[in-house]
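*Asks:* Here's a structure for you.
Residue numbers (UniProt numbering): 1 to 251.
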């Protein structure tokens, strides 16, 4: 059946308002036996085949290629993160130059208490999205107040900083074994800065709410919501600068 002219125009406008999935990197949820981490951004790389879809046997060249291709980070900008995974002996691959995504879930190494979307290991599962944890954080990010408000369609550093602090405070109250380690103290604002920089819309001076929802709720790069790889490469200097601003937010 041929589309009518009206339907054709409507379809064209809809596509132009949002976007297409990246050719060759379409989203596919993990299959049973695939490996995934507590980090939505890394999981999304595997779900879109920037990393092995299995999430296993990730080496440094593949890691560099993935963060550059999907998010336009300088290829070597996150070598330190990769090296941490190896230096902490997290790898279960049998090859100390590679790791599986789930290896990153080992507590108090790279993973820490007070995650924005995962529960603490004290409660049993620190690797998978916890709907209750994320719903509370999402409310603090105004994710559910987007209709009729242009402001709430974006997440600013101030809003993100307050949500980050609120999550850490709630985790401390709920978890009698909460560990305010150096990794937690740096990592809590650091992970907030990481998703902000990764999904930052330069024109808006903030991260679009719909992009953040896609990443956290589905481990999906928000191509369909209009995300495009930024033209200017990003580095850990950008992330560290935003982390300082997140930490400085008054709560």
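Every residue, glycine too, gets a C-beta built ideally from N, C-alpha and C.
Given a cut-off of 8 angstroms, decide if residue 74 and residue 198 are closer than it, judged by their beta-carbon atoms.
*Replies:* Against a cut-off of 8 angstroms, the Cβ pair of residue 74 and residue 198 comes out as no contact.
*Asks:* Using alpha carbons as the reference points, say which of 137, 119, 46 lies closest to residue 174.
*Replies:* Among 137, 119, 46, the Cα nearest to that of residue 174 belongs to 119.
*Asks:* Tell me, please, which residues DSSP counts as bridged to residue 201.
*Replies:* According to DSSP, residue 201 bridges with 206.
*Asks:* Leaving aside the five residues before and after residue 243 along the sequence, list all residues of the same chain whose C-beta is less than 7 angstroms from its C-beta, in chain order.
*Replies:* Only 189, 190, 193 meet the Cβ criterion.
*Asks:* Helix, strand or coil: which one does DSSP assign to residue 4?
*Replies:* Note that residue 4 scores a pLDDT of 41, beneath 50, so its modelled location is shaky; the value from the coordinates is reported in the next line. Coil.
*Asks:* For residue 107, list the residues DSSP reports as bridge partners.
*Replies:* Answer by DSSP bridge pairing, in chain order: 111.
*Asks:* Using a Cβ-Cβ cutoff of less than 7 angstroms, which residues in the same chain neighbour residue 105 once the five nearest sequence positions on both sides are dropped?
*Replies:* Closer than 7 angstroms at the Cβ level, and outside the excluded window around residue 105, lie 37, 38, 111, 126, 127.
*Asks:* According to DSSP, simplified to helix, strand and coil, what is residue 238?
*Replies:* Residue 238 falls in the helix class under three-state DSSP.
*Asks:* For the alpha helix (DSSP H) containing residue 138, name the first residue and the last one.
*Replies:* 131-140 is the extent of the alpha helix (DSSP H) around residue 138.
*Asks:* Hey, how far is the Cα of residue 42 from the Cα of residue 249?
*Replies:* When rounded, the distance between both Cα atoms is 27 angstroms.
*Asks:* Spatial neighbours of residue 79 within its chain, please: C-beta separation below 8 angstroms, excluding the five flanking residues on both sides.
*Replies:* Within the same chain, residue 79 has close Cβ partners 60, 64.
*Asks:* Looking only at its own chain, which residues have a Cβ that is under 7 angstroms from the Cβ of residue 66, when we skip the five neighbours before and after it?
*Replies:* Correct list, in chain order: 45, 50, 51.
*Asks:* Taking the straight line between their C-alpha atoms, what separation do you get for residue 23 and residue 117?
*Replies:* If you take the alpha carbons of residue 23 and residue 117, they lie about 29 angstroms apart.
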